[in-house]
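In the numbering used here, each residue carries its 1-based index in the sequence shown increased by 2. All C-beta atoms, glycine included, are put in the ideal place defined by N, C-alpha and C. Remember, it's a predicted structure, so these values are computed and weren't measured experimentally. Here the structure is laid out as structure tokens; the discussion comes afterwards.
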Amino acid sequence: MTRTLLIGVDVGGTNTDSVLIDPLLISNPDEGVISWNKAVITKNISDGIQEGITSLFKSRPDVKKEEVASVTIGTTHFINALIEQDESRLANVAVLRLCGPYSHQVPPFSDFPTGLRHIMEGHVGFLKGGYHVDGRSISDIDEAELLQHVEEIRSKGIKSVVVIGVFASLNHEQELKVKDFIVDKIPDCKVVMSHQISGVGFIERENASIINASILPFAEKIIRSFVDAVGKMGLHCPVLLTQNDGTVLPAIESLSCPIKTFASGTTNSMRGASFLGNVIGKTSIVVDVGGTTADVGLLLPTGFPRQSSSFSTVAGVRINFSMPHVESMGLGGGSIVREIGGDIFVGPDSVGSEILKRSIIFDGDGSEVTASDVAVSRDPSLAIGDPSKVSTLFSNDFKSKFASRVKSMLENIIDRMKTSPQEIAVLAVGGGSFIVPPNLKGASEVIRPKFYNVANAIGAAMGKVSSEVHCFHKLTDTTKEEVLSDLKKKAISLALEKGALESSIEVVFVSAEPIPYVDSTFEFIVKTIADVDYHHLHSVSPPLASTSYNSEDVVKRPSAQPTSTGVNLDSIDYINYRPVINDKRQWVISEVDLELLRIGTYILGCGGGGDPYPFFLAARNVLRQGGSLLVVDVNDVQRYTGEDGTVGSLCCAGSPTVSNEQLEGPGMVSCIETMDKFSGKSSQLVFPVEIGGSNGLCPFRVSSKLGVPVVDCDLMGRAYPTHWQTIPSAYSKDGQPVYPPTVISNGNGNTVIISESKSDFLLEKVMRASLSELGCTVDLVNPPMSAEDVQKNTIHGSLSLSWRIGRAVRISRQTSEVYRLPEIILDAVNGSGELLFKGKIVGVERKLMKGHVWGEVAIEELDGSKRKMMKIPFKNENILATIDDEVVCTVPDLIAVIDADTGEAVGTPDYRYGLIVFVLGIAPSNKWTDTVRAIEVGGPKGFDLIDIQYKPLSTYSKPLSVIDEFANP
């Protein structure tokens, strides 16, 4: 019987690793790994792969080439090109947005690092087009407008184009039409359509599409060179590439979407470690040590790495691909070791790929000492290089301090990755893992398995097949269960088309999320995973023309001139950072301040309010274009308004799902202009209706345009799901309405005035009913308030509190104390709160009712013999928290679910299985607890929970105004 053998190849920045394995015997690596090879990478990648595979057969002449069922290749070339900002491997990109009046304040490339932006940004066009979430077009494509942009793209010589339409994931007809138009005019142009890259989330999908388009020309050369190498070997089997999630895809499919392979290097190492260490079915830590860095991740019992949250950052760019959650540090075999003041320091700088020239145990002249040198001097049996060169070079004290430093570095990062205090097995793999000590605090054992130095190639060879079906569906004549059943069949069929072994297909993820304010409409996702049917794979993987690639065969092109400058937020000393307060007691907002406000406002959103990120970018663009953003203290409002002046409060309302896709247009300005005409007054100041979520930052995008500062206050002190759950409404005399007139606008030519209403509750119902007809998200402006009203009926210091929370999170990252995040955040709110729970999200239920997403998230404790369970019901925002069915916290207390790995808030739309979180309860302003009426409006009764009584969690402590603290004496 003919064996089925697999070849795995990992093409790294330093080495090309190759393995030949029998997948049926891999549980015993001594039998499963038939041969392996590790060699320094060659300039011609085809030659390097060919040489590596040739060596596999030379060491095992009994193996026949026809026994090889597939060659699976993982590579870091694509992500390295991005990280290194290599202009020779990254193409100029033109971006055509089909968006109508929306998104102009956050143009493409807004959140790209300056270097990448200079390389990639070729042309930007805002075109008519796009869709609302209900399927109606925002506007039709204007071919004359499109032709003008295409001609400009052609004149610039750009050959990589991204076409992205609002809600293209729902309807991609316009994207297809524009692609055909472009290809007709520029036949050799590569067009990336955003709907083929990822789902809802406009900025993240666009960013991923841009990266994909920029890397496409280089990726095509690399991928074809892979095929060329395999073909020259006489292997007539499919060539596969590994993806970020540990699964594989045919080479021809990867040509159109190389971004799916970006994080495959780390995933391959972790997958390979799971087989070599025989830990499938257990949770463990993997430490993958290379020449420059050590990557540490958590391996789940499934044998796959724990994924990061919904969004990931690649080379400083935010995309909506889930990546393995990995922490990296500058510790590798080539790390430079220094003695300073009697202390030993290791890295983060490294000799990298020049280790054979610069390490003493090889050909180094001794001017530099590497971690490999010291590790070999401590243990000559490692048989790496020439141990005699370092046998007497270092004192015992030097070697002891080196070992302690490495041990401490690894123990700290492992502690951050663990999900419970219990000891856990640690797997050390990678070519530099010989520097990992045999005993580590927090590790039940340290395993350096045989073949540890080619774990990445083994992980590549053992990749599985996956499929995903993602769509929006309106339930008219069918049920949710029927739609899911149909989508499961489609996902299974797609898996079979990709070469899955039918008997092994598992549906591993099912999601059906209602879209707020869109009648009976759901976002459905179904994912499968399966073993590869190698005998069938050849027939479903069409041949691909090959070529060779030489790393020297590149043409350097001149970099684009800088178009903007920005602050590197990761380089800021947040402990000593001081905001600028001018001599007028105005807080002059900086990019750093915006970052802290972004983090803090989302935590104060209590799961709702929408992600502030788009508003953060819009405000930052104001600064980068030379504008200014100013904040004033509540106690200074009278100076700006005088006796007759007024202050405007504003916000966005509607579906967070929609607002993340249909980025803001000119609706807010339309609202303000309309209110000015209706009321006969114009506001000298503005402030947000709610500080929680995106609304906390929304005033900044219009304050600069209007030339007015923002007041450090809001009407909620958090986020609430309804407009009548505000302080003015809670304190209105006899429950009289306070908000008519109210103006709402969708920014697309539709502005509505609600001039009268019997109550704020009824005004809310009218507004929500209008939402579904106006695109499910609107801007809103309340009637102007006097200085006295602002002083009496707002929550003071809301922006200051957000800023302090954001700074606490950033300081915890700066000091590598993410594990102390709950304590650090509570310190930032003057101790007015408690840590309620830590655990893993194990279940989420959602349903849509009267425009709001109602649901419940279940969070399980990570350790303990009998694990406790927290449940948090939510109505857009979190309402209450129970532990084993006992109520521990309710509104109006703030209940914030926070990502334990990053300190970032987790919004209710992002609740998903497996996310490690902690839950904080924070005391609300006294204005929510001083009267019975306020507690009824903002407490359990405001959510129809009449049987639950509010019990304060903690005592409120008013935040210190940033202006008061940092103003010059």
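Counting only runs of 4+ residues, the alpha helix (DSSP H) found wholly inside the segment 587-636 occupies 593-606, 615-626, in chain order. If you look at Met195, you'll find it in the beta strand (DSSP E) that goes 192-195. Residue pairing for Asn39: DSSP places it in a beta bridge opposite Ser20. The Cβ-Cβ distance between His134 and Gly669 does not fall below 9 Å. Distance from the CA of Val438 to the CA of Glu413, rounded to the nearest whole angstrom, comes to 10 Å.
Note: Arg99 is bridge-paired with Phe128, Ile166 in the DSSP secondary-structure output. The C-beta distance from Lys877 to Ile861 rounds to 18 Å, too long to meet the 8 Å contact threshold. In this structure, Asn398 and Cys608 do not form a Cβ contact; the two beta carbons are roughly 56 Å apart against a cut-off of 8 Å. Gly117: member of the alpha helix (DSSP H) spanning 116-122, first to last residue. Counting of Cβ neighbours within 10 angstroms places Glu89 among the buried residues, the total reaching 16 or more. The segment 24-43 makes contact with the segment 457-477: 3 or more CB pairs, one atom from each, lie closer than 8 Å. Annotation: the continuous beta strand (DSSP E) that includes Ile918 extends over 918-924. Ile212 and Tyr615 do not touch by the CB rule: their CB atoms are close to 17 Å apart, not below 8 Å.
Taking Glu499 as reference, the option from Ile531, Ile23, Ile362 with the minimal CA-CA separation is Ile531. Inclusion of Ser379 and Phe364 in the CB contact set at 9 Å is not warranted, their separation being larger than that value.
Around Asp613, the same chain offers Tyr604, Pro658, Asn662, Gly695, Ser696, Gly909 as residues with beta carbons nearer than 8 Å, after the five sequence neighbours per side are excluded.
Rounded to whole angstroms, the gap between the alpha carbons of Thr372 and Asp19 is 23 Å.
With respect to the 9 Å criterion, Ser681 and Pro785 are classified as neighbours on the basis of their beta carbons. The alpha helix (DSSP H) runs lying completely inside the segment 242-295 and spanning 4 residues or more are 253-256, 266-278, given in chain order. As summarised for the segment 685-740, the continuous beta strand (DSSP E) elements at least 3 residues long and confined to that stretch are 685-690, given in chain order.
Three or more beta-carbon pairs separated by less than 8 Å link the segment 831-842 to the segment 955-962, which places the two stretches in contact. The segment 93-102 and the segment 140-158 touch, with three or more beta-carbon pairs separated by less than 8 Å. About 5 Å separates the beta carbon of Leu7 from that of Glu69, a gap short enough to meet the 8 Å contact definition.
Annotation for Ile342: the continuous beta strand (DSSP E) segment containing it runs 337-342.
With respect to the 9 Å criterion, Val811 and Gly656 are not classified as neighbours on the basis of their beta carbons. In this structure, Gly292 is the residue among Lys767, Leu773, Asn209, Gly292 with its C-alpha nearest to the C-alpha of Asp12. Between the segment 782-801 and the segment 683-693, the count of C-beta pairs closer than 8 Å reaches three or more; the two stretches touch. Gly236 counts as exposed, since fewer than 16 other beta carbons sit within 10 angstroms of its beta carbon. Of the residues Ser139, Asp901, Lys868, the one whose Cα lies closest to the Cα of Ile885 is Lys868. When secondary structure is reduced to three states using DSSP, Pro785 falls in the coil class, being assigned neither helix nor strand. Rounded to whole angstroms, the separation of the alpha carbons of Ser276 and Leu801 is 47 Å. Residue burial annotation: Ala457 is buried, with at least 16 other C-beta atoms found within 10 angstroms of its C-beta. A contact between stretches requires three or more CB pairs, one per stretch, nearer than 8 Å, and the segment 893-905 meets this requirement with the segment 811-822. The three-state reading of DSSP puts Ile199 in coil, since its state is none of H, G, I, E or B. The segment 627-645 and the segment 708-716 touch, with three or more beta-carbon pairs separated by less than 8 Å. A straight line joining the alpha-carbon of Ile282 with that of Asn455 spans about 19 Å.
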